[in-house]
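S.K.: So for the sequence shown, full-length UniProt numbering puts the first residue at 1; every next one is plus one. Glycine included, C-beta positions come from ideal geometry on N, C-alpha and C.
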Amino acid sequence: MIQSWGIRARVILVAVVPAIVLAVFMTIYYTHSRIADLEEAYRDRGRAFARQIASATEYAVFSNNREDIRRLLDGARAEEGVRGIFIADTSGQELARSGLISVAAPLRRPTQSVDEAFDQTLRFYEPILPTRLDVDLLAFNEAQQGSSTQQLGVVLLDLSRTRLDAQRDSLLWTGLSALMLVLAGSVLLAIRMSQGVSEPIRKVAETVGRIGAGRLHERVEIRGGGSLRRLGVGVNDMAERLQGAHDDMTRRIAEATAELRERKDEAERADIAKSRFLAAASHDLRQPMHALGLFIAELSEKDHPPATHRLVRQIAASAEAMENLLDSLLDISRLDAGALQPSIQPTPVQPILDRIANDFHIWAEERHLKLRVRPCPHWIATDPLLFERILSNLVSNAIRYTDHGRILIACRQEGEFLRVEVRDNGRGIESDAQELIFQEFVQLDNPERARSKGLGLGLAIVRRLTQLLSHRLSLRSGPGWGSVFGVSARRVPPEAPDTIAPTDRQPGSLQNVRIAILDDDPLALESLNSLLCSWGCDVTSAAMPSALIDALAGAPVPDILITDYRLQEHQTGLDVIGSLRHAFGHRLQAILISGDTAPEPADRARAAGVPLLHKPVRPAKLRALVQRMLSSDASEDVN
Numbered sequence: 001m002i003q004s005w006g007i008r009a010r011v012i013l014v015a016v017v018p019a020i021v022l023a024v025f026m027t028i029y030y031t032h033s034r035i036a037d038l039e040e041a042y043r044d045r046g047r048a049f050a051r052q053i054a055s056a057t058e059y060a061v062f063s064n065n066r067e068d069i070r071r072l073l074d075g076a077r078a079e080e081g082v083r084g085i086f087i088a089d090t091s092g093q094e095l096a097r098s099g100l101i102s103v104a105a106p107l108r109r110p111t112q113s114v115d116e117a118f119d120q121t122l123r124f125y126e127p128i129l130p131t132r133l134d135v136d137l138l139a140f141n142e143a144q145q146g147s148s149t150q151q152l153g154v155v156l157l158d159l160s161r162t163r164l165d166a167q168r169d170s171l172l173w174t175g176l177s178a179l180m181l182v183l184a185g186s187v188l189l190a191i192r193m194s195q196g197v198s199e200p201i202r203k204v205a206e207t208v209g210r211i212g213a214g215r216l217h218e219r220v221e222i223r224g225g226g227s228l229r230r231l232g233v234g235v236n237d238m239a240e241r242l243q244g245a246h247d248d249m250t251r252r253i254a255e256a257t258a259e260l261r262e263r264k265d266e267a268e269r270a271d272i273a274k275s276r277f278l279a280a281a282s283h284d285l286r287q288p289m290h291a292l293g294l295f296i297a298e299l300s301e302k303d304h305p306p307a308t309h310r311l312v313r314q315i316a317a318s319a320e321a322m323e324n325l326l327d328s329l330l331d332i333s334r335l336d337a338g339a340l341q342p343s344i345q346p347t348p349v350q351p352i353l354d355r356i357a358n359d360f361h362i363w364a365e366e367r368h369l370k371l372r373v374r375p376c377p378h379w380i381a382t383d384p385l386l387f388e389r390i391l392s393n394l395v396s397n398a399i400r401y402t403d404h405g406r407i408l409i410a411c412r413q414e415g416e417f418l419r420v421e422v423r424d425n426g427r428g429i430e431s432d433a434q435e436l437i438f439q440e441f442v443q444l445d446n447p448e449r450a451r452s453k454g455l456g457l458g459l460a461i462v463r464r465l466t467q468l469l470s471h472r473l474s475l476r477s478g479p480g481w482g483s484v485f486g487v488s489a490r491r492v493p494p495e496a497p498d499t500i501a502p503t504d505r506q507p508g509s510l511q512n513v514r515i516a517i518l519d520d521d522p523l524a525l526e527s528l529n530s531l532l533c534s535w536g537c538d539v540t541s542a543a544m545p546s547a548l549i550d551a552l553a554g555a556p557v558p559d560i561l562i563t564d565y566r567l568q569e570h571q572t573g574l575d576v577i578g579s580l581r582h583a584f585g586h587r588l589q590a591i592l593i594s595g596d597t598a599p600e601p602a603d604r605a606r607a608a609g610v611p612l613l614h615k616p617v618r619p620a621k622l623r624a625l626v627q628r629m630l631s632s633d634a635s636e637d638v639n
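1) Helix, strand or coil for Glu435, going by three-state DSSP, please let me know.
2) What three-state label does DSSP hand Ala450 in the structure shown?
3) What does DSSP give as the partner residue(s) for Glu421 in the beta ladder?
4) Hey, Thr382 and Leu469 are a contact pair by Cβ (cut 8 Å); roughly how many whole angstroms apart?
5) Just to confirm, is the Cβ distance from Leu95 to Ile85 under 7 Å?
6) Does the distance from the C-beta atom of Ala297 to that of Ala524 stay below 7 Å?
7) If Thr367 and Ile399 are in contact, beta carbons under 8 Å, what's the gap, nearest whole angstrom?
8) Report the option in Thr308, Ser546, Gln434 whose CA atom is closest to the CA atom of His570.
9) I believe Leu371 touches Ile344 by the beta-carbon criterion, under 8 Å. Please report the beta-carbon distance rounded to the nearest angstrom.
10) Straight-line CA distance for Arg123 to Ser98?
11) Confirm the yes/no value for this check: CB of Val395, any heavy atom of the ligand SAH, distance under 6 Å.
12) Consult DSSP for Lys203 and reduce its assignment to one of helix, strand or coil.
13) Looking only at DSSP bridge pairs, what is Val492 linked to?
14) Kindly indicate the opening and closing residues of the beta strand (DSSP E) around Gly477.
15) Would you kindly check if the distance between the Cβ of Ser477 and the Cβ of Ile429 is under 7 Å?
16) Under 7 Å between the Cβ atoms of Leu179 and Ala23?
17) What residue range does the alpha helix (DSSP H) around Gln627 cover?
18) Would you please state the rounded distance, in angstroms, between the beta carbons of Ile515 and Pro558? I believe it to be under 8 Å.
19) Three or more C-beta pairs closer than 8 Å, one from the segment 237 to 249 and one from the segment 206 to 223: is that the case here?
20) Going by C-alpha to C-alpha distance, which of Leu394, Pro377, His378, Cys376 sits closest to Phe360?
21) Could you please give me the residues that DSSP links to Ser594 through a beta bridge?
22) For the segment 86 to 115, which segments carrying the beta strand (DSSP E) assignment without a break, of at least 3 residues, lie completely within its bounds, in sequence order?
23) How is the alpha helix (DSSP H) around Gly608 delimited, first residue to last?
24) Should Leu588 and Arg581 be called a contact, given that it needs their Cβ atoms to be closer than 7 Å?
25) Going by Cα to Cα distance, which pick from Arg618, Gln434, Gly578 is closest to Ala608?
26) According to DSSP, is Ser63 helix, strand or coil?
27) Does the beta-carbon of Arg491 have 16 or more other beta-carbons within 10 angstroms, so that it is buried, or is it exposed?
28) Look up Asp158 in the DSSP assignment and say whether it is helix, strand or coil.
29) Enumerate in chain order the residues of its own chain whose CB-to-CB distance from Gly536 is below 8 Å, with the five nearest sequence positions on each side excluded.
30) How should Ala542 be labelled, buried or exposed, when 16 other C-beta atoms within 10 angstroms of its C-beta is the threshold for buried?
31) Can you have a look at Asn64 and say buried or exposed, based on whether 16 or more other CB atoms are within 10 angstroms of its CB?
32) Measure the C-alpha to C-alpha separation of Gln93 and Gln167 and round it to an integer number of angstroms.
33) Taking Thr563 as part of the beta strand (DSSP E), name the residues at either end of that continuous run.
34) Please name the residue in Cys533, Thr563, Gly554 whose C-alpha comes closest to that of Met544.
35) Considering only residues of the same chain and omitting the five flanking positions on each side of Arg472, which have a CB-CB separation below 6 Å?
36) Of the residues Ala258, Pro18, Val155, Asp169, which one's Cα is nearest the Cα of Thr31?
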């Protein structure tokens with residue numbers, strides 16, 4: 001406990017304790033000595049008084065003159081402190097007594113002076129001996145009285161201890177008062193000494209505390225000499241060095257901040273340049289890919305010899321691989337740049353599961369896998385397109401890394417959340433590699449970078465999309481027993497389904513459907529025109545808005561308008577859609593196609609209620625959207 005005390009307390013302790021110990025010892029010693037002296041003096045007085053009475057009553061006892069004895073005792077009784085006097089002969093018979101004195105039988109008859117104490121009384125026994133006069137020597141020979149003379153009687157004298165006790169108490173109180181004075185003086189002296197010792201140290205400590213709080217200009221006032229002076233000088237020197245280091249650090253921080261600001265500006269400029277490059281690259285790469293995909297789709301629908309048909313399939317596979325790579329790279333870039341804004345809305349889970357099962361069941365069968373989907377009646381709060389992309393990537397990953405067995409898509413309630421799981425009994429993932437697989441271009445079983453095993457971007461996109469949607473992504477896996485990927489989203493109450501208007505059109509047929517096309521890219525315009533014509537559509541196409549308006553003048557209102565977002569004549573596809581709706585009626589349905597992945601076209605299309613398809617557009621996706629628009633008045637925003 002003393003180790004936690006301050007300097008002042010320790011100085012006081014060092015100064016007070018020795019003084020207290022010495023004062024207590026001296027007080028006890030001298031008080032005890034004085035009390036012992038008083039006790040001895042009181043006993044000497046009693047013995048002398050008893051001896052005086054014995055000498056005075058010697059003749060009266062010898063002559064048995066009790067009257068003289070009593071008179072002598074009454075005179076002696078007047079002395080201070082005498083409680084009683086008793087005189088007996090040699091046989092113990094009482095000769096006389098005076099005062100309050102009690103004698104127990106048998107009477108004690110000592111041959112020399114004896115005293116004893118009881119209660120508040122001191123009793124003295126003094127023998128009465130005859131005095132022998134030596135004529136030759138003319139002196140008393142007291143040394144031989146006890147041995148050569150017969151004892152005449154005994155004197156008992158009782159003295160009260162009241163005076164002795166009063167004197168003893170007075171000495172005790174005096175000693176205690178002196179001790180208290182010494183203690184008080186010691187404490188005051190110790191405090192004074194501690195102030196002289198601890199005050200400079202306390203000042204140093206306070207200054208050090210202010211320096212530690214950042215007030216580096218503070219300095220210690222140098223007082224005294226020796227260690228205190230060295231301490232003050234050392235603290236001031238330390239403060240000088242700290243202030244110099246602080247000023248140097250401040251200067252360096254300012255320089256580093258300026259450099260970081262400059263690099264930040266450079267990074268922002270580079271990011272803007274990168275965004276422009278991605279936008280340009282996205283648009284310029286998607287345009288030919290879009291036309292290529294449409295041409296391949298049209299080409300694959302025609303009859304060819306087996307060798308040509310095989311070549312078309314290989315071209316289609318290569319084009320699809322290029323589209324997947326382009327989509328994945330651009331998706332990663334858009335997610336990292338924060339350019340993708342989700343549209344969170346109540347979404348039924350089952351339609352998403354049905355589309356995924358329909359898209360992947362053929363691939364699963366080709367790998368001899370069973371793909372099962374358990375029904376799920378729940379709704380969740382999510383972006384349906386992004387959520388479907390998440391599950392599609394997880395299912396694609398499961399099919400790619402499962403050699404045999406089955407893949408199951410199931411839902412599980414977790415309180416107010418719903419967890420959609422993709423389970424497989426494939427190879428499994430080591431625990432130390434479960435974090436690595438969510439990084440870009442990481443493939444544990446593909447060191448040779450075989451294209452058939454994917455690009456290593458699917459799970460990276462999954463993690464980014466779940467973070468964007470605030471969904472929780474989980475993984476349970478182990479070597480040899482497969483993997484379970486889970487995505488948890490908040491459950492919401494189901495909404496009433498939209499009413500679909502009846503149609504007389506043959507399901508799946510686009511025969512004689514009137515479609516207007518507007519695209520300033522000749523290849524894209526020609527490929528889309530050719531594809532729609534192969535589907536049996538009545539197509540009106542143009543490269544400029546004014547040309548399309550002229551072509552449609554006097555013609556029936558088209559069922560659907562398909563337009564590119566960026567057009568000539570400083571117009572956008574949304575501007576043309578607005579103009580044609582004003583001319584033909586607001587119920588004109590339209591599809592917007594864009595090679596620009598920036599958020600602006602998607603936001604504007606969503607605000608206008610126009611579905612948006614990003615180039616390259618897969619023919620199957622375009623046909624499905626056209627079918628839905630023909631069979632329903634409701635539009636769906638497709639990203």
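M.R.: Looking at the coordinates:
1) On the sequence shown, position 435 is the one that residue 435 refers to. If DSSP states are grouped into helix, strand and coil, Glu435 belongs with coil.
2) On the sequence shown, position 450 is the one that residue 450 refers to. Reliability fails at Ala450, whose pLDDT of 49 lies under 50, so the model's placement of it is uncertain and no value is given.
3) Counted from its first residue, the sequence shown places residue 421 at position 421. DSSP lists Ala410, Gly486 as partners of Glu421.
4) Residue mapping note: residue 382 aligns to position 382 of the sequence shown, counting from 1. Residue mapping note: residue 469 aligns to position 469 of the sequence shown, counting from 1. Sure, about 6 Å apart at Cβ, within 8 Å.
5) In the sequence shown, the residue the question calls residue 95 occupies position 95. In the sequence shown, the residue the question calls residue 85 occupies position 85. It is not a contact, given that the beta carbons lie outside the stated cut-off.
6) Here residue 297 refers to the residue found at position 297 of the sequence shown. Here residue 524 refers to the residue found at position 524 of the sequence shown. Contact: no.
7) Position 367 of the sequence shown, counted from the start, is the residue given in the question as residue 367. Position 399 of the sequence shown, counted from the start, is the residue given in the question as residue 399. Rather than Thr, the amino acid found at residue 367 in this sequence is Arg. So it is a contact: roughly 6 Å between Cβ atoms.
8) Within the sequence shown, numbered from 1, the residue matching residue 570 stands at position 570. Closest by alpha carbon: Ser546.
9) Residue numbering aside, residue 371 sits at position 371 when the sequence shown is read from its first letter. Residue numbering aside, residue 344 sits at position 344 when the sequence shown is read from its first letter. Actually they are not in contact, since the Cβ atoms of Leu371 and Ile344 sit about 28 Å apart, beyond 8 Å.
10) Counting from one through the sequence shown, the residue named residue 123 turns up at place 123. Counting from one through the sequence shown, the residue named residue 98 turns up at place 98. If I take the Cα positions, the gap works out to 14 Å.
11) With respect to the ligand SAH, the structure shown offers nothing to examine, as it has no ligands at all.
12) Residue numbering aside, residue 203 sits at position 203 when the sequence shown is read from its first letter. In the structure shown, Lys203 sits in a helix (DSSP, three-state: H, G or I).
13) Position 492 of the sequence shown, counted from the start, is the residue given in the question as residue 492. DSSP lists Trp379 as partners of Val492.
14) Locating residue 477 in the sequence shown gives position 477, counting from the first residue. What sits at residue 477 in the sequence shown is Ser, not Gly. Where Ser477 is concerned, the enclosing beta strand (DSSP E) stretches over 472 to 478.
15) The residue you call residue 429 lines up with position 429 of the sequence shown. The residue you call residue 477 lines up with position 477 of the sequence shown. In this structure, Ser477 lies closer than 7 Å to Ile429 by Cβ.
16) What you label residue 179 is simply residue 179 of the sequence shown in a count that begins at 1. What you label residue 23 is simply residue 23 of the sequence shown in a count that begins at 1. It is a contact, given that the beta carbons lie within the stated cut-off.
17) Your numbering for residue 627 matches position 627 in the sequence shown. Run containing Gln627: 619 to 631, per the alpha helix (DSSP H) assignment.
18) Your numbering for residue 515 matches position 515 in the sequence shown. Your numbering for residue 558 matches position 558 in the sequence shown. Confirmed, Cβ separation roughly 6 Å.
19) In short, these stretches touch, since the Cβ pair count reaches three.
20) Here residue 360 refers to the residue found at position 360 of the sequence shown. Considering only alpha carbons, the answer is Leu394.
21) Taking the sequence shown and counting its residues from 1, one reaches residue 594 at position 594. Ser594 pairs with His614.
22) 94 to 99
23) Numbered from 1 along the sequence shown, position 608 holds the residue referred to as residue 608. Here the sequence assigns Ala to residue 608, which means Gly is not the residue at that position. Counting along the chain, the alpha helix (DSSP H) containing Ala608 begins and ends at 599 to 608.
24) Locating residue 588 in the sequence shown gives position 588, where the first residue counts as 1. Locating residue 581 in the sequence shown gives position 581, where the first residue counts as 1. In this structure, Arg581 lies closer than 7 Å to Leu588 by Cβ.
25) Here residue 608 refers to the residue found at position 608 of the sequence shown. Looking at the Cα atoms, Gly578 is the closest of the given residues.
26) By 1-based counting over the sequence shown, the position of residue 63 is 63. In this structure, Ser63 counts as coil in the three-state DSSP scheme.
27) Within the sequence shown, numbered from 1, the residue matching residue 491 stands at position 491. Arg491 is buried by the Cβ-count criterion.
28) Counting from one through the sequence shown, the residue named residue 158 turns up at place 158. Three-state result, Asp158: strand.
29) Position 536 of the sequence shown holds residue 536. The answer, listed in chain order, is Ser509, Leu510, Gln511, Asn512, Val513.
30) In the sequence shown, counting from the first residue as 1, residue 542 sits at position 542. Its Cβ being crowded by 16 or more others within 10 Å, Ala542 is buried.
31) Translated into the one-based positions of the sequence shown, residue 64 becomes position 64. Asn64 comes out exposed.
32) Working through the sequence shown from its first residue, we reach residue 93 at position 93. Working through the sequence shown from its first residue, we reach residue 167 at position 167. Roughly 37 Å separates the two Cα atoms.
33) Numbered from its first residue, the sequence shown carries residue 563 at position 563. Element bounds for Thr563: 560 to 564.
34) Taking the sequence shown and counting its residues from 1, the one referred to as residue 544 is at position 544. Of the listed residues, the one whose Cα sits closest to Met544 is Thr563.
35) Numbered from its first residue, the sequence shown carries residue 472 at position 472. Here the set comprises Ser488.
36) For the purposes of this step, residue 31 is taken as residue 31 along the sequence shown, with counting starting at 1. The candidate whose alpha carbon is nearest that of Thr31 is Asp169.
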